[in-house]
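Undergrad: Under numbering that gives the first Met the number 0, the first residue of the sequence shown carries the number 0, and numbering increases by one thereafter. Below is one structure. I have some questions about it.
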Amino acid sequence: MLELPGFYTLPPPQRDQLLIEAVLEQHEWHYPRNVAYRRHCENRSVGAHITEGDFTRVLRPTAQTFKSYVGELGTAFPQDCPADFARWVAEEISVAVPPERWAGLRPRYSSLEGLLSALEALFAAEGWRIATSSGTSGRASIMVRDEETFSLALDSFFLGIQHAWGIDLDYRLIFVMPEQTRIAMAQAARFGTEKLGYTARGQVAYTVPFPASPDVIRIRTARTLRPGIRGWLERHIAAPFMNWMGEHVAMPRSIRGTVDVLRQSAAAGEKIMLFGGPIQLHGVALALRRDGGLDLPLGCLVGTGGGMKEAYDHSYAEIRRDIASILRSGGQPIRIRDVYGMAEANWGSFECSEGHYHLPPWLYALALDSADEVIAAPDAEGVLAFFDPFGGGKLFPPFFKTTDRVHLINGGRWYDPARACPCGEPTAYIEAGSIARADLFDESGCAGQV
Numbered sequence: 000m001l002e003l004p005g006f007y008t009l010p011p012p013q014r015d016q017l018l019i020e021a022v023l024e025q026h027e028w029h030y031p032r033n034v035a036y037r038r039h040c041e042n043r044s045v046g047a048h049i050t051e052g053d054f055t056r057v058l059r060p061t062a063q064t065f066k067s068y069v070g071e072l073g074t075a076f077p078q079d080c081p082a083d084f085a086r087w088v089a090e091e092i093s094v095a096v097p098p099e100r101w102a103g104l105r106p107r108y109s110s111l112e113g114l115l116s117a118l119e120a121l122f123a124a125e126g127w128r129i130a131t132s133s134g135t136s137g138r139a140s141i142m143v144r145d146e147e148t149f150s151l152a153l154d155s156f157f158l159g160i161q162h163a164w165g166i167d168l169d170y171r172l173i174f175v176m177p178e179q180t181r182i183a184m185a186q187a188a189r190f191g192t193e194k195l196g197y198t199a200r201g202q203v204a205y206t207v208p209f210p211a212s213p214d215v216i217r218i219r220t221a222r223t224l225r226p227g228i229r230g231w232l233e234r235h236i237a238a239p240f241m242n243w244m245g246e247h248v249a250m251p252r253s254i255r256g257t258v259d260v261l262r263q264s265a266a267a268g269e270k271i272m273l274f275g276g277p278i279q280l281h282g283v284a285l286a287l288r289r290d291g292g293l294d295l296p297l298g299c300l301v302g303t304g305g306g307m308k309e310a311y312d313h314s315y316a317e318i319r320r321d322i323a324s325i326l327r328s329g330g331q332p333i334r335i336r337d338v339y340g341m342a343e344a345n346w347g348s349f350e351c352s353e354g355h356y357h358l359p360p361w362l363y364a365l366a367l368d369s370a371d372e373v374i375a376a377p378d379a380e381g382v383l384a385f386f387d388p389f390g391g392g393k394l395f396p397p398f399f400k401t402t403d404r405v406h407l408i409n410g411g412r413w414y415d416p417a418r419a420c421p422c423g424e425p426t427a428y429i430e431a432g433s434i435a436r437a438d439l440f441d442e443s444g445c446a447g448q449v
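Written out as structure tokens, the structure reads:
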């Protein structure tokens with residue numbers, strides 16, 4: 000099978016045909032093995048064998064797929080029914096998991112983090128890593144990845160960073176995020192830097208000083224609370240306290256820690272990539288402005304991800320302008336690039352020098368119209384859908400429809416060289432400024448990530 004880096008050198012027609020054939024093969028592999036996927040296909044009159052014309056009928060909504068435990072279990076709190084949650088997981092993946100494998104679960108756990116940790120321990124031999132979306136919609140998507148799928152996610156993310164932004168093993172990586180969390184983007188950062196040796200060489204820093212469990216995030220957002228007295232306590236005591244701590248303790252400490260690492264890197268002449276959410280990075284930049292800004296070595300970069308997930312006095316464009324005016328690299332305004340993705344996907348789409356978001360060449364991306372039909376054109380405005388047959392692993396079929404409306408250029412098999420991005424990258428891309436994300440309680444995915 001072609002390795003992910005090899006896709007960068009394939010001509011678009013050959014690449015697209017290879018992807019189409021791989022989607023057909025993956026469907027035939029998953030259909031008899033994955034209960035939830037087969038049920039979805041049968042509901043749409045799709046059988047074990049499909050053609051390219053059936054592609055839209057096998058797509059599943061990203062967040063509904065990974066949040067379907069809520070409807071299946073009748074609760075947003077799977078820690079209250081661990082065995083039922085384990086059965087849901089078993090139906091969502093394409094490997095056989097006999098019930099005796101989860102017989103060691105307790106009848107109940109005090110937190111979602113406790114349940115997910117217990118499942119990872121039970122399935123340590125398979126290398127299970129369980130990630131969640133940010134949970135800011137009120138209900139977190141929960142994604143189980145085995146060793147192969149998780150390794151592919153790390154390869155995809157860091158290969159994209161290297162290819163699109165030129166970030167190699169010589170850089171120091173500074174993440175304005177917690178090291179201990181299940182949020183997919185931060186989880187990929189932590190384990191990816193370990194896999195590539197950044198951590199062992201002391202070239203990585205995480206500057207949010209407190210862990211962020213899915214339970215803490217749920218309570219802080221206060222959109223889904225426990226019933227009864229526990230919910231009252233969460234809303235009126237825990238959430239206000241956590242948010243006060245975040246504003247007055249965690250955020251200031253994170254900003255100070257980030258500024259200290261940046262100054263150390265500048266003094267040592269280290270090239271750095273500073274990565275985090277826009278609001279957190281803005282706080283760092285404003286702190287540096289009080290001392291006249293900071294000039295870093297040539298080649299440094301600021302990466303943003305996760306979108307604007309809370310109310311803030313400044314727009315994303317204003318944040319970028321402020322960062323560029325305060326942080327310099329080699330005497331020039333520092334490069335700032337964004338990444339588009341979602342916790343439910345095994346990939347990230349990295350912003351290029353022209354402001355467009357390039358999709359990985361191993362991804363077969365389409366835009367769908369209001370009738371969920373493919374817009375068969377190189378210039379398409381619609382809902383983004385994707386198939387990830389090489390980078391998505393084989394634990395579940397990576398064929399998904401998002402809720403994000405985009406302006407997609409050169410998607411699917413409709414590559415037009417005349418519409419290639421001026422940056423020179425011959426891949427499908429999303430036009431700058433065209434991504435419209437949904438914030439529907441049960442339908443939106445996480446802007447995460449990776």
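Ideal Cβ positions, reconstructed from N, Cα and C, are used throughout, including at glycine.
For Pro332 and Ser324, what's the separation of their Cα atoms in angstroms?
TA: When rounded, the distance between both Cα atoms is 6 Å.
Undergrad: Which of the three DSSP states, helix, strand or coil, is assigned to Leu439?
TA: The pLDDT assigned to Leu439 is 48, lower than 50, so where the model puts this residue is not dependable; a value taken from the coordinates is nonetheless given after this. Looking at Leu439 - three-state DSSP - the assignment turns out to be coil, as it is neither helix nor strand.
Undergrad: Closest to Arg217 by CA distance: which of Cys351, Ser110 and Arg86 is it?
TA: For the residues Cys351, Ser110 and Arg86, the minimum Cα distance to Arg217 belongs to Ser110.
Undergrad: Taking only runs of the beta strand (DSSP E) that begin and end inside the segment 117-198, which ones reach a length of at least 3 residues, in chain order?
TA: Listed in chain order, the complete beta strand (DSSP E) runs (minimum 3 residues) inside the segment 117-198 are 128-131, 141-144 and 171-177.
Undergrad: Closest to Ile271 by CA distance: which of Val203, Arg336, Glu350 and Ser369 is it?
TA: Selected option, being the one with the closest Cα: Val203.
Undergrad: Grouping DSSP H, G and I as helix and E and B as strand, with all else coil, what is Asp294?
TA: Of the three classes helix, strand and coil, the one that applies to Asp294 here is strand, per DSSP.
Undergrad: Counting beta carbon pairs with one atom in the segment 77-93 and one in the segment 187-206, are three or more of them shorter than 8 Å?
TA: Touching, no.
Undergrad: Name the one or two DSSP bridge partners that His357 has.
TA: In DSSP, His357 forms a bridge with Phe349 and Tyr428.
Undergrad: I want to know whether the segment 376-385 touches the segment 348-366 - three or more CB-CB distances under 8 Å.
TA: Enough Cβ pairs lie closer than 8 Å, so yes.
Undergrad: Looking at the unbroken beta strand (DSSP E) that takes in Ile408, where does it start and where does it end?
TA: Phe398 to Ile408 is the span of the beta strand (DSSP E), which, as asked, contains Ile408.
Undergrad: Should Ser253 go down as buried or exposed, given a rule of 16 or more other Cβ atoms within 10 Å for buried?
TA: Counting Cβ neighbours within 10 Å, Ser253 comes out buried, since at least 16 surround it.
Undergrad: Considering only the beta carbon of each residue, do Phe395 and Asn33 sit closer than 8 Å?
TA: Yes, these two residues count as a Cβ contact at 8 Å.
Undergrad: Near Ala238, what residues of its chain come up, given a Cβ to Cβ distance below 7 Å and the 5 sequence neighbours on each side ignored?
TA: Cβ within range, chain order: Ile218, Arg219 and Ala221.
Undergrad: What are the start and end residues of the alpha helix (DSSP H) that includes Ala238?
TA: Ala238 to Met244 is the extent of the alpha helix (DSSP H) around Ala238.
Undergrad: Please return the same chain residues whose Cβ sits closer than 8 Å to the Cβ of Pro31, not counting the five positions on each side in sequence.
TA: Arg37 and Ala47.
Undergrad: Which residues in the same chain have their Cβ closer than 7 Å to the Cβ of Asp415, if we skip the five residues on either side of it in sequence?
TA: Excluding residues within five positions, the ones whose Cβ falls inside 7 Å are Pro377 and Asn409.
Undergrad: Determine which residues share a DSSP beta bridge with Glu317 and list them.
TA: None; Glu317 has no bridge partner.
Undergrad: Specify the secondary structure class of Cys445 as computed by DSSP and reduced to three states.
TA: Only weak support exists for where Cys445 lies, its pLDDT of 47 falling under 50; the value from the coordinates is given anyway. Of the three classes helix, strand and coil, the one that applies to Cys445 here is coil, per DSSP.
Undergrad: How far does the alpha helix (DSSP H) with Arg418 in it extend, from its first residue to its last?
TA: Neither: Arg418 is in no alpha helix (DSSP H) and is coded neither H nor E.
Undergrad: Please tell me whether Thr303 and Gly276 are closer than 8 Å, where the distance is taken between their beta carbons.
TA: For Thr303 and Gly276, yes; Cβs fall inside 8 Å.
Undergrad: Could you spell out where the beta strand (DSSP E) holding Arg289 opens and where it closes?
TA: Run containing Arg289: none; DSSP gives neither H nor E here.
Undergrad: According to DSSP, simplified to helix, strand and coil, what is Leu383?
TA: Looking at Leu383 - three-state DSSP - the assignment turns out to be strand.
Undergrad: Could you tell me whether the Cβ atoms of Arg138 and Ala75 are closer together than 8 Å?
TA: Yes, the Cβ-Cβ distance between Arg138 and Ala75 is below 8 Å.
Undergrad: CB-CB under 6 Å to Arg171, same chain, minus the five flanking residues each way: which ones, in chain order?
TA: The answer, listed in chain order, is Gln202, Ser264, Glu269 and Ile271.
Undergrad: Please report the straight-line C-alpha distance between Arg255 and Val283, rounded to a whole angstrom.
TA: If you take the alpha carbons of Arg255 and Val283, they lie about 8 Å apart.
Undergrad: Could you tell me the alpha carbon to alpha carbon distance between Gly134 and Lys308, rounded to whole angstroms?
TA: Cα to Cα, the separation comes out at about 10 Å.
Undergrad: Roughly how many whole angstroms lie between the Cα atoms of Ile141 and Arg14?
TA: Cα-Cα distance, rounded: 31 Å.
Undergrad: Quick one: is Trp243 buried, meaning 16 or more other Cβ sit within 10 Å of its Cβ, or exposed?
TA: With fewer than 16 Cβ atoms within 10 Å of its Cβ, Trp243 is classed as exposed.
Undergrad: Have a look at the DSSP bridge pairing and note the partners of Leu365.
TA: BP columns for Leu365 point to Ala384.
Undergrad: What does DSSP give as the partner residues of Leu273 in its beta bridges?
TA: Ile173 and Val301, per the DSSP bridge assignment.
Undergrad: Would you mind working out which of Ala286, Pro97 and Leu280 sits nearest Tyr311, comparing C-alpha positions?
TA: When only C-alpha atoms are compared, the closest one is Leu280.
Undergrad: Indicate the three-state DSSP secondary structure (helix, strand or coil) for Ser212 in the structure shown.
TA: Three-state DSSP puts Ser212 in coil, outside helix and strand.
Undergrad: Give me the Cβ distance between Phe398 and Val57, rounded to the nearest whole Å; I'm assuming they're in contact under 8 Å.
TA: Right, the Cβ-Cβ distance comes to about 5 Å (below 8 Å), so this counts as a contact.
Undergrad: Between the Cα of Tyr339 and the Cα atoms of His357, Ile322 and Arg327, which residue gives the shortest distance?
TA: That would be His357, whose Cα lies nearest to the Cα of Tyr339.
Undergrad: Checking 8 Å against the spacing of the C-beta atoms, do Thr55 and Glu372 come in under that value?
TA: A contact, by the Cβ cut-off of 8 Å.
Undergrad: Could you please give the first and the last residue of the uninterrupted beta strand (DSSP E) stretch that includes Tyr205?
TA: Per DSSP, Tyr205 belongs to the beta strand (DSSP E) from Val203 to Val207.
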